[in-house]
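Student: Numbering (full-length UniProt numbering), first residue to last: 1 to 413.
Glycine included, every Cβ here is placed at the ideal spot set by N, Cα and C.
Computed from a predicted model, the values in this text were never measured in an experiment.
Pasting a structure here, questions to come.
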Amino acid sequence: MSLFGLFERRSNLENPAVPLTSPSLLEWMGGQPGDAGVVVTEVSALSMPAVWRSVSVIACVSASVPLHTYRDGTKTKTTSRLLRDPHPELTRYELWRLSYVHRLMWGNAYLQKVRNGAGQVVELWPIRPDRVRVGQAQPTADVPSGKVFEVTDDSGQQHALTSREILHLPALGYDGVTGVSPIRAAAAGIGMAMAAEQAGARFFGQGAMLSGILQTEQRLTADQAEALKQRWKAKMAGAANAGDVAVLDSGASFQPVTMPYRDAQFLESRRFQVTEIARMFGVPLFLLMETERSTSWGTGLEQQATGFVTFDLHPTWLVPTEQRITKELLPAAQYAEYSVEGLLRADSTARAEFYRVMREVGAFSANDIRALENRPPVEGGDTYLQPLNMAPLGAPAQNDSEGSNDDDDPGAG
């Protein structure tokens, strides 16, 4: 079992080991506002819908991709009890989704390796990244050079652990030790988006959005102005008065009010910040429910989804996870690999044409195709076909080799 409280975190304010002058207390109370006047932390950033959606898309899709283990140098599948059931309370999907969320928010994911009496890793317990500090250990006679992880438990005590106890999954970084938090790196842009959203909420919450103004050249008392407003509302409000004609007396006129934020390009700035956040996380805009420019790449959404898997999801998130699992959790004769074929599937017509060509050239058997379609194998489906009308380049044609020989023909000459 983990020592570091997976589901709860004791605040620094309650921790006697943390002095009152610690900068971490400022972060606990909300952090330091950025240039946009908004506090941006790994947790507060999730209140921005574009950030929530970007993190959700990458984490949920990555965790749902099948992760298989194979015999080294082959495509022969093996079994791994640890990867099949890595946690006693969380499902494997929940565990890996949480680890991807930690990497997307903090830039690093940490999982404690729980070993049995024989020294085998039998469980993985995630640790909140804000409990961990990473440094470089000095080599000793017992411990070789490597990372050292200072983990704070619920009581405020720190534990120095090594890579034998901690599986570290860093995101993109610049020092080879830890990853950079995407939230911290994009704090200015996220802060602008959060500030614009809060400003819009205050604008509508304070009732500043008026439908129009009744104007008159006469000086009105408070009671007269209220009476004029009530007569206007009684005449024009309600569905029954839709399309009716208003008659104003005493020189009064009605001036409708348009949204002032449109003149300040409020909506345009909010849309641009969504694009900036999508760019930061590498998520296509249509996955953030922004379809105005959804056909700007390729011929449509299918090409954008394929590009997302090919250029961002697979190399940025899946491959580092595969290689770290292979390096630290599997025996030397095995390796882990995500099966992304399902994410790269085209439409049924294009997929059928691809399978037909691969079957005809002998690359796929019937069972290979059925496996890609998540269907069970059939008897005799492992046979590979070879086209009869193909031969190695430069080989004599079949008709020449089987043709008649004039010297052997009794009627010749």
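Are there 16 or more other CB atoms within 10 angstroms of the CB of Gly156, so buried, or fewer, so exposed?
Tutor: Answer is exposed; the Cβ neighbour count stays below 16.
Student: Are Asp130 and Trp106 close, meaning C-beta to C-beta below 8 Å?
Tutor: Yes, these two residues count as a Cβ contact at 8 Å.
Student: Assign Gln273 to buried or exposed, taking buried as 16 or more other Cβ atoms, counted over all protein chains shown, within 10 Å of its Cβ.
Tutor: Burial call: buried.
Student: Suppose contacts are defined by Cβ-Cβ distances below 8 Å. Is Pro182 in contact with Leu104 by that definition?
Tutor: Going by C-beta atoms, Pro182 is nearer than 8 Å to Leu104.
Student: By alpha-carbon positions, which one of Ile166, Leu285 and Ala186 ends up nearest to Arg115?
Tutor: Minimum Cα distance to Arg115 is reached at Ile166.
Student: Do you know offhand how far Thr21's Cα is from Asp154's?
Tutor: Confidence at Thr21 is low in this model, with a pLDDT of 45, below 50, so its placement is unreliable and the value that follows should be read with caution. Between Thr21 and Asp154, the C-alpha separation is close to 20 Å.
Student: Taking 8 Å as the threshold (C-beta atoms), are Gly282 and Thr321 in contact?
Tutor: Their beta carbons are not under 8 Å apart, which means Thr321 does not touch Gly282 by this criterion.
Student: DSSP three-state label for Val384, please.
Tutor: The residue you asked about is not Val; residue 384 is Tyr in the sequence shown. Three-state DSSP puts Tyr384 in coil, outside helix and strand.
Student: Check whether the region 78–96 and the region 328–346 are in contact - that is, three or more C-beta pairs closer than 8 Å.
Tutor: Touching, yes.
Student: State the Cα-Cα distance for the pair Gln230 and Arg219, rounded to the nearest angstrom.
Tutor: C-alpha separation (whole angstroms): 17 Å.
Student: If you count every other CB in all the chains shown that lies within 10 Å of the CB of Phe149, and 16 or more means buried, which is it?
Tutor: Phe149 is buried by the Cβ-count criterion.
Student: Roughly how many angstroms lie between the CA atoms of Pro376 and Tyr100, to the nearest whole one?
Tutor: If I take the Cα positions, the gap works out to 31 Å.
Student: Note down the Cα distance separating Tyr174 from Ala45, rounded to an integer number of angstroms.
Tutor: Looking at the two C-alpha atoms, the distance is approximately 23 Å.
Student: Which same chain residues end up closer than 7 Å to Cys60 when comparing Cβ atoms and leaving out the 5 residues on each side of it in sequence?
Tutor: So the qualifying residues of the chain are Arg97.
Student: Out of Thr152, Leu313, Ser365 and Val180, which one is the CA nearest neighbour of Leu344?
Tutor: For Leu344, the nearest C-alpha among the options comes from Leu313.
Student: How would you label Ser401, buried or exposed, when you count the other beta carbons within 10 angstroms and need 16 or more for buried?
Tutor: The pLDDT assigned to Ser401 is 48, lower than 50, so where the model puts this residue is not dependable; a value taken from the coordinates is nonetheless given after this. Its Cβ having fewer than 16 others within 10 Å, Ser401 is exposed.
Student: Span of the alpha helix (DSSP H) holding Lys327?
Tutor: Here the alpha helix (DSSP H) through Lys327 covers Val319 to Glu328.
Student: Looking at the secondary structure, which residues open and close the beta strand (DSSP E) in which Gly146 lies?
Tutor: Run containing Gly146: Gly146 to Thr152, per the beta strand (DSSP E) assignment.
Student: What separation, rounded to the nearest whole angstrom, lies between the Cα atoms of Val43 and Ile190?
Tutor: Using only the alpha carbons, I get a separation of about 12 Å.
Student: Would you kindly check if the distance between the Cβ of Ser47 and the Cβ of Met194 is under 8 Å?
Tutor: Cβ distance < 8 Å, so Met194 and Ser47 count as in contact.
Student: Does the distance from the CB of Val51 to the CB of Ile277 come in under 8 Å?
Tutor: Contact flag set, yes.
Student: Following the continuous alpha helix (DSSP H) through Tyr93, name the residue where it begins and the one where it ends.
Tutor: Its alpha helix (DSSP H) spans residues Arg92 to Trp106.
Student: Cβ of Phe311 within 8 Å of Cβ of Leu301?
Tutor: No. Outside cutoff.
Student: Can you tell me whether DSSP reads Gly243 as helix, strand or coil?
Tutor: Because the pLDDT of Gly243 is 47, which lies under 50, any placement of that residue in the model is unreliable, and the number read from its coordinates should be weighed accordingly. Note: Gly243 maps to coil in three-state DSSP.
Student: Could you check if Tyr338 is buried or exposed, using at least 16 other CB atoms within 10 Å of its CB as the buried criterion?
Tutor: Label assigned to Tyr338: buried.
Student: Only counting runs of 4 or more residues, tell me where the alpha helix (DSSP H) segments fall wholly within the region 351–378, in order along the chain.
Tutor: The region 351–378 contains these whole alpha helix (DSSP H) runs: 366–372.
Student: Output needed for Leu67: all residues of its chain with C-beta closer than 7 Å, excluding positions within five of it in sequence on either side, in chain order.
Tutor: Answer for Leu67: Leu83, Ala336 and Tyr338, listed in chain order.
Student: Since Gln136 sits in a beta bridge, which residues does DSSP pair it with?
Tutor: According to DSSP, Gln136 bridges with Lys147.
Student: Look up Ala333 in the DSSP assignment and say whether it is helix, strand or coil.
Tutor: Three-state DSSP puts Ala333 in coil, outside helix and strand.
Student: By the DSSP assignment, the alpha helix (DSSP H) with Glu302 in it spans what residues?
Tutor: Counting along the chain, the alpha helix (DSSP H) containing Glu302 begins and ends at Leu301 to Phe308.
Student: Under the rule that 16 or more other beta-carbon atoms within 10 Å means buried, what is Glu226, buried or exposed?
Tutor: By the 10 Å Cβ count, Glu226 comes out exposed.
Student: With which residues is Lys77 paired in a DSSP beta bridge?
Tutor: Answer is Tyr70, bridged to Lys77.
Student: In chain order, what residues of the same chain have a beta carbon less than 7 Å from the beta carbon of Ala160, not counting five sequence neighbours either side?
Tutor: Cβ neighbours of Ala160 beyond the five flanking positions: Val148 and Glu150.
Student: Could you compute how far the alpha carbon of Arg279 sits from the alpha carbon of Ala350?
Tutor: Approximately 30 Å between the Cα atoms of the pair.
Student: Use the C-beta contact count for Ala192: other C-beta atoms within 10 angstroms, 16 or more gives buried, fewer gives exposed.
Tutor: The sequence as given places Met at residue 192; Ala does not occur at that position. Per the 10 Å Cβ criterion, buried.
Student: From the DSSP secondary-structure annotation, give me the bridge partner or partners of Pro126.
Tutor: Answer is Leu111.
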